[in-house]
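*Asks:* Sequential numbering from 2 applies to the sequence shown in our numbering. One structure is given below, represented as structure tokens, and several questions about it will come after.
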Amino acid sequence: MIIFGLSPLEVGNLTYLEYSVMMERYNEKMKNDYEMQRNVIFNAIINANRKKNSGMIPLFKDNSEKTATEIIEEREELFG
């Protein structure tokens, strides 16, 4: 199996550790993508089969609006 144009026997200028780390990150990204797809489809099925006059289940939770002072405090913590 060739991914990123590299086979396990030909890692080019990468060490085997670098190649292994790269593949772990790639697999983690693919897992997250598939998990997001599953969640979206599951949410759509639940919302399509809901009873009349019941509320829809949002895909993402609503972010609470932050005040200007909270934003300034967060930025001060990050940047000093």
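Virtual Cβ for every residue (Gly too), placed ideally from N, Cα, C.
Which residue wins for smallest C-alpha separation from serine 55, given the options Ile47, Phe61 and Lys62?
*Replies:* Counting from 1 along the sequence shown, the entry for residue 55 is found at position 54. Closest by alpha carbon: Ile47.
*Asks:* Nearest CA to the CA of isoleucine 58: which residue from Ala69, Lys67 and Asn44?
*Replies:* To locate residue 58, count along the sequence shown from 1; it is residue 57. Among Ala69, Lys67 and Asn44, the Cα nearest to that of isoleucine 58 is on Asn44.
*Asks:* Could you give the first and the last residue of the continuous alpha helix (DSSP H) run that contains aspartate 34?
*Replies:* Taking the first residue of the sequence shown as 1, we reach residue 34 at position 33. Note, aspartate 34: alpha helix (DSSP H), 17 to 49.
*Asks:* Near valine 41, what residues of its chain come up, given a Cβ to Cβ distance below 8 Å and the 5 sequence neighbours on each side ignored?
*Replies:* The sequence position of residue 41 within the sequence shown is 40, counting from 1. Excluding residues within five positions, the ones whose Cβ falls inside 8 Å are Leu60.
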